[in-house]
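Chains as they are written, first to last, in the working numbering: chain A, 257 to 502; chain B, 257 to 502; chain C, 257 to 502; chain D, 257 to 502.
4 protein chains.
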Amino acid sequence: MSSKFFAVVAGAGPGTGRATAIRFSKAYPVVLITRNPENFQGTVAEINNAGGKAIGISADASDVKSLDSAFETIAKELPGLKLAAAIFNVGGNLNRKPFLELTADDFDAALGANARGLFNFAQKTVPLLLESVPISEHPPTLIITGATASIRGSYLWSVAAAGMFARRALGQSLAREFGPKGIHVAHAIVDGVIDIPRTTHYTVNNGAEDGKIRADAIAESYWGLHTQHRSAFTQEIDIRPYVEKF
Amino acid sequence: MSSKFFAVVAGAGPGTGRATAIRFSKAYPVVLITRNPENFQGTVAEINNAGGKAIGISADASDVKSLDSAFETIAKELPGLKLAAAIFNVGGNLNRKPFLELTADDFDAALGANARGLFNFAQKTVPLLLESVPISEHPPTLIITGATASIRGSYLWSVAAAGMFARRALGQSLAREFGPKGIHVAHAIVDGVIDIPRTTHYTVNNGAEDGKIRADAIAESYWGLHTQHRSAFTQEIDIRPYVEKF
Amino acid sequence: MSSKFFAVVAGAGPGTGRATAIRFSKAYPVVLITRNPENFQGTVAEINNAGGKAIGISADASDVKSLDSAFETIAKELPGLKLAAAIFNVGGNLNRKPFLELTADDFDAALGANARGLFNFAQKTVPLLLESVPISEHPPTLIITGATASIRGSYLWSVAAAGMFARRALGQSLAREFGPKGIHVAHAIVDGVIDIPRTTHYTVNNGAEDGKIRADAIAESYWGLHTQHRSAFTQEIDIRPYVEKF
Amino acid sequence: MSSKFFAVVAGAGPGTGRATAIRFSKAYPVVLITRNPENFQGTVAEINNAGGKAIGISADASDVKSLDSAFETIAKELPGLKLAAAIFNVGGNLNRKPFLELTADDFDAALGANARGLFNFAQKTVPLLLESVPISEHPPTLIITGATASIRGSYLWSVAAAGMFARRALGQSLAREFGPKGIHVAHAIVDGVIDIPRTTHYTVNNGAEDGKIRADAIAESYWGLHTQHRSAFTQEIDIRPYVEKF
């Protein structure tokens with residue numbers, strides 16, 4: 257366990273966020289950020305009980321002040337530690353409605369959660385990642401969780417897709433701007449239902465075994481992205497169950 | 257000239273908007289919407305002097321109330337006319353800055369202009385286009401102007417691309433939702449500098465003849481999209497000068 | 257009718273080829289090339305009876321010698337005429353089988369029909385199109401018919417998609433090489449079933465009216481591509497029925 | 257080291273092939289296939305000297321009989337072993353010429369090397385991979401090396417891109433057909449110059465440190481793909497140096 261670096265996961269609820277925090281906690285102290293503290297408490301305890309180090313902070317990434325405050329807390333709680341990896345996993349706003357039933361507020365909510373949150377998170381983390389470039393073992397990494405709606409607009413998904421497309425655009429822009437400065441920015445298109453308590457009763461892919469995505473498998477791929485050599489960065493991956501239609 | 261239908265162009269400044277208004281005015285009365293009336297006055301006069309019919313309305317598409325008011329004006333000025341074509345051509349917000357010099361306000365401005373404006377415009381025009389489906393000669397059409405930044409995020413273009421990706425997502429979603437109901441939704445990726453007074457002194461493509469896009473050529477392609485048979489809709493086209501690198 | 261130029265359509269069977277030949281015959285003498293003369297005879301007669309000029313040549317585009325001979329015939333039959341437009345519409349080889357039932361011969365057949373045919377056709381037509389650049393009214397044009405399999409490999413479509421992807425790659429490469437020299441190279445992704453005698457009894461899109469693509473609608477879009485100004489070339493369009501899922 | 261399974265690398269010359277063979281030899285006996293035995297001899301010796309097990313076979317993947325013979329040799333040399341991973345890394349045919357200087361033979365050579373080789377290799381390996389599905393630790397894997405030309409046709413790259421697009425189409429088709437049967441088919445777009453003896457004197461990315469791709473970094477990502485859980489397969493990744501423009 258490196259004591260010089262930490263990782264931060266925004267959107268650390270059950271599923272990808274929790275699994276990523278656990279995976280990265282094997283190497284770094286981790287900070288879990290969610291709006292609702294109930295969503296990080298169990299994971300924080302689990303990591304600390306297992307001999308790792310985790311702290312949880314309640315904040316809303318789509319709100320600049322809330323995120324400012326979160327990073328002030330981090331600076332106090334983890335003094336002197338540098339940022340090795342930042343994972344933006346805030347759940348997409350999935351306001352699934354026919355277009356004409358949506359309001360301008362729905363649009364703003366979707367764009368706020370899906371895209372402005374990443375904008376704010378990157379504003380806070382990119383300067384910290386830049387500081388780590390000369391000293392970290394692995395290239396400092398910003399990983400962004402996307403979804404099918406990141407590359408496909410469709411019926412019922414108009415504002416969700418607008419936000420997820422925008423999220424992906426930010427990711428590409430950051431990769432092209434900060435890759436040459438040594439930061440690895442990667443975007444993952446997660447195309448399938450994740451196997452979490454909330455989805456236990458969903459029947460997907462005709463109920464096939466492993467037809468839902470294991471969150472720890474996503475986390476393992478994220479760790480793989482983090483540890484890529486800077487001569488061989490991956491900017492985008494897709495992740496889906498073997499039985500998923502695509 | 258049909259007297260039963262009209263067309264509306266949002267973002268009717270010099271360039272694509274003006275040329276599209278002129279092209280569609282050969283078939284329909286046209287409504288030009290821009291924030292600054294100076295941007296439509298010349299074109300409105302030109303169309304009316306040429307024997308067509310045009311009205312200009314000052315409104316901001318990113319503001320719901322402003323757009324509501326504009327469509328109330330349209331209903332009064334063109335009583336009984338149905339909507340044949342709606343063109344969203346509002347200029348992309350191109351807040352070109354290094355990422356770390358941008359603020360959350362810059363993000364909101366870019367998303368507002370590039371994406372929320374289309375959301376609002378579609379909320380107003382899709383119901384009108386639906387009314388025209390059973391009666392119009394050509395399938396009622398919503399055409400959306402995009403740009404290179406609609407499909408590529410890059411250095412200096414992060415928030416502009418976020419907004420343009422979101423615009424494209426809305427266009428895809430609308431096409432998939434309303435195509436089966438008879439509305440033709442098309443998105444054009446305009447990849448190059450348009451030849452307008454403001455760009456006269458730009459040197460692009462090494463100064464090659466026709467190295468800037470003629471706005472009337474874009475307008476002709478938009479007319480081609482509008483007149484496609486419903487069995488053969490195009491959802492997306494690219495448009496660029498023969499000498500443009502891509 | 258221009259008497260200085262002609263158009264050539266390879267793959268001029270019923271459907272897109274026939275309709276394109278008829279559409280372009282309004283402006284140019286047209287040459288129809290198919291392997292089986294039965295596939296062009298009716299269309300040739302129809303055009304000539306309607307006051308246009310058409311000739312049919314039996315040739316196999318995937319065979320260099322066969323195509324050489326065809327263009328020698330053209331030079332004799334239409335002496336002095338320059339080439340304004342070349343349309344490659346040779347039907348995709350759709351050897352739809354599970355992968356393990358395919359043989360290397362199936363692979364070669366699919367690549368030959370779907371890609372080598374275009375390679376050969378472009379070798380013959382690009383030099384002729386280059387000669388027309390300085391003198392033709394519209395930029396000399398090479399239009400290539402693609403399909404869903406041009407952008408998506410899938411079960412049963414492996415070798416068909418391999419050939420159609422290759423066809424699209426050639427189109428992109430030709431556009432980037434010869435666009436700056438004044439030739440307009442465009443690729444159309446035709447995504448749906450075309451309404452021809454052979455498909456009359458197919459039920460597609462739940463039998464919706466206009467649920468199959470009208471070939472004359474494709475031809476009209478091809479004519480629109482041909483007449484685009486060189487400052488505003490489209491490289492790729494998609495074409496599908498309003499009710500098609502995509 | 258599992259003694260029940262082996263891996264095979266076609267195109268095992270210096271660079272990605274060699275590095276992949278070395279990486280996979282930590283877990284499996286490996287078979288290296290190249291046309292020229294000089295290209296595998298050093299690597300085979302290196303692996304065997306390091307305590308691994310490797311055999312080299314001279315064969316041409318674009319020739320069915322040659323590949324048949326190679327797999328007969330494998331069956332004799334590694335009796336009873338099942339196939340865990342097959343990597344197709346045959347170097348793209350890069351017949352870089354202006355289009356009008358190419359011949360039909362150039363086309364056939366490019367398609368043969370870039371696409372027919374994979375067709376043949378998959379015909380041989382997919383049945384073997386299917387046998388391993390029920391028993392292997394990691395999902396049996398077919399990894400295909402692609403390049404920038406897999407997704408972009410351009411000047412000088414017409415036939416190379418045609419072949420690489422076709423290769424990618426086969427990969428997508430195989431993934432969609434055999435993913436649900438438990439085989440992981442992944443395609444890697446390697447976008448940059450690989451750091452091998454032949455490229456030592458190339459100046460790329462302005463001579464930046466790590467501006468060429470380390471082959472062992474590619475191999476590590478391939479190993480990551482091989483070990484993904486079947487609920488979270490990646491179908492396509494890109495790989496490029498941090499300083500590469502894209």
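Ideal Cβ placement from N, Cα and C applies to all residues, glycine included.
In the DSSP assignment, the residues bridged to Glu-492/C are His-443/C. Near chain C, meaning a CB-to-CB distance below 7 Å, the residues of the stretch 482–499 of chain B are Gln-484, His-485, Arg-486, Ser-487, Ala-488, Phe-489, Thr-490, Gln-491, Glu-492, Ile-493, Asp-494, Ile-495, Arg-496, Pro-497, Tyr-498, Val-499.
The Cβ atoms of Phe-296/A and Ala-263/A do not sit closer than 9 Å to each other. If only complete runs of 3 or more residues are kept, the stretch 406–472 of chain C shows the beta strand (DSSP E) at 440–446, in order along the chain.
Put simply, of Gln-428/B, His-485/B, Gly-307/B, Tyr-478/B the residue whose alpha carbon is nearest the alpha carbon of Gly-273/B is Tyr-478/B. Taking 9 Å as the Cβ-Cβ cut-off, the stretch 278–297 of chain A has no residue approaching chain D. Per DSSP, reduced to three states, the secondary structure at Ala-306/D is coil, with no helix or strand assignment.
Runs of the alpha helix (DSSP H) lying entirely within the stretch 315–372 of chain B and spanning at least 4 residues, in chain order: 320–333, 360–367. If the five residues before and after Thr-290/D are omitted, its C-beta is found closer than 6 Å to the C-beta atoms of Ala-268, Gly-269, Phe-296, all from its own chain and listed in chain order. Each of Val-389/C, Ala-315/C, Lys-501/C was checked against the Cα of Gly-409/A, and the nearest Cα belongs to Lys-501/C. For Ser-325/A, there are no C-beta contacts with chain B under 8 Å, since the nearest C-beta of that chain is about 15 Å from it. Listed in chain order, the non-local C-beta contacts of Ala-422/C below 8 Å within the same chain comprise Leu-367, Asn-370, Ala-371, local neighbours out to five positions each way being set aside.
The straight-line gap separating the alpha-carbon atoms of Leu-398/A and Glu-433/A is approximately 13 Å. Contact between Gly-448/B and Arg-496/B holds, since their C-beta atoms are separated by about 5 Å, short of 8 Å. The DSSP-derived three-state label of Gly-298/B is helix.
Restricting attention to His-443/D, Ser-429/D, Ala-416/D, the CA atom closest to the CA of Ala-360/D is found in Ala-416/D. Using beta-carbon distances, Asn-376/B counts as an interface residue toward chain A, with a partner under 9 Å.
Annotated as distal: Ala-275/C and Leu-288/C, with beta-carbon spacing of 9 Å or more. Of the candidates His-440/C, Thr-401/C, Glu-357/C, Phe-363/C, the residue whose Cα lies closest to the Cα of Ser-388/C is His-440/C. Residue state for Thr-404/A is assigned as helix, using DSSP reduced to three classes.
Residue-level contact by beta carbon holds for Glu-433/A and chain B, with a gap shorter than 9 Å.
At a C-beta separation below 9 Å, Gly-409/C has these neighbours in chain D: Arg-424, Ala-425, Leu-426, Gly-427, Gln-428, Ser-429, Leu-430, Ala-431, Arg-432.
The beta-carbon distance between Arg-279/C and Glu-476/C, rounded to whole angstroms, is 7 Å. This is short enough to meet the 8 Å contact definition. Put simply, of Phe-375/D, Phe-355/D, Thr-401/D the residue whose alpha carbon is nearest the alpha carbon of Gly-419/C is Phe-375/D.
Close to chain C, meaning a Cβ-Cβ distance shorter than 9 Å, are the following residues of the stretch 388–406 of chain B: Pro-395. When C-beta atoms of the stretch 381–396 of chain A are compared with those of the stretch 330–349 of chain A, three or more pairs fall below 8 Å, so the two segments count as touching. Thr-459/D sits exposed, since fewer than 16 C-beta atoms from the chains shown fall within 10 Å of its C-beta.
Interface flag for Val-446/D against chain C is unset, since no Cβ pair is found closer than 9 Å.
9 Å or more divides the Cβ of His-443/D from the Cβ of Ile-474/D. By the beta-carbon neighbour count (other beta carbons within 10 angstroms, threshold 16), Arg-352/C is exposed. DSSP, read as helix, strand or coil, puts Ala-263/D in strand. Exclusion of the five residues before and after Ile-343/C leaves Val-265, Thr-276, Ile-399 as the residues of its chain whose Cβ lies within less than 6 Å of its Cβ. DSSP places Thr-483/B outside any alpha helix (DSSP H), giving it a letter other than H or E. Going by DSSP, Ile-289/B is part of the beta strand (DSSP E) stretching over 286–290. Counting the other Cβ atoms within 10 Å of the Cβ of Ile-391/D gives fewer than 16, which makes it exposed. Here the C-alpha atom of Asp-466/B lies approximately 19 Å from the C-alpha atom of Leu-385/C.
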